[in-house]
Amino acid sequence: MRRFDLAAMDLDSTLLDWSDGEAKISDACKAALSAAAEAGLVIVVATGRTFRETRLELLAQGLPFGDPIPHFVIAQEKFCYRVVNGRSHEDEALAGWNRQRTEEARKAMEQFVLPNAQRWLQRLAEADLVPRRWVIDTGAGWFSLIYETADEARRAEGWLREFVADIPTLIPNRNAFIVGLIPRDGTKGKALRFLVRALGISPERVMAIGDSLNDMDMLNGEHGFFPVAVANAEIEIKAAVQKAGGLVTRSPTSDGVAEAIRWAIDHLR
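According to the working numbering, the sequence shown holds residues 39 to 307 in order.
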């Protein structure tokens, strides 16, 4: 019987239900998360948002941030923080990891993104793939393109992959209609792998829950986590989870998280 010690979940369109245009977390999900914490399950939110944005969103949803959940936040897909009294805390191991990711982001910006961004945007324009908006985040090391549709983002991803074919430190990353380039080691899966090692938790005792392609390396079995795709997950995510022997929930977003968490609680012993 599988025993879980930790559950990590994406925020937007996984823990948060955006189906009616406004973010919400179902009462069933809140109850499941509280029950999980009481049962000793460590809860991690892994998101592209900053720590501050994550804190404010969960407080707005009526979750007393860090009291008791979440226990940890993986912010901007890579920076690892323990939540202590509702605030971010870094011990020596977390601080070291975060410094490495910050330095990696700085080098990516200085050496590759800033010198090439204008040329990349011109190539995309020639391919009739002008983004609605583009963003360079120097702190995260991200070059992000926001499109009108997921199909446009998917097409742009192919071009981005070509742009960095000879740049091993950058990889494409896509989340619905947002696509971009990120540092190779700045992924949710690698951050979660580091965190569970720091906590002394075996990967097979970790449940990872997500919906989109930026969750892929948490969910494809690469790091040994038990993967869960919520019902609204992208088709590529569902396929990867099923191939890795994971679970696809019957319910979408936060109700799907509740379903997975209840299942995890049943397998704590």
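Virtual Cβ for every residue (Gly too), placed ideally from N, Cα, C.
| Check | Outcome |
| --- | --- |
| Minimum C-alpha distance to residue 75 - residue among 101, 60, 93 | 101 |
| Simplified DSSP assignment, three categories, for residue 170 | coil |
| Of the residues 275, 298, 191, 153, the one placed nearest residue 289, counting alpha carbons only | 298 |
| Identity of the residue in 121, 154, 215, 83 nearest residue 167 by Cα | 215 |
| Residues near residue 241 in its chain [Cβ-Cβ closer than 8 Å; skip 5 each side] | 231, 234, 261, 262, 263 |
| Under the three-state DSSP convention, the category residue 175 falls into | strand |
| Same chain, Cβ closer than 6 Å to residue 213, five either side skipped, listed in chain order | 250, 252 |
| Beta-carbon spacing of residue 224, residue 115 below 8 Å | yes |
| Status (buried if at least 16 other CB within 10 Å, exposed otherwise) for residue 203 | exposed |
| Beta-carbon contacts of residue 39 that lie in its chain and below 7 Å, excluding the five residues immediately before and after | Because the pLDDT at residue 39 is just 48, under 50, the model does not fix this residue reliably, and the value given afterwards should be weighed accordingly. Cβ neighbours of residue 39 beyond the five flanking positions: 305. |
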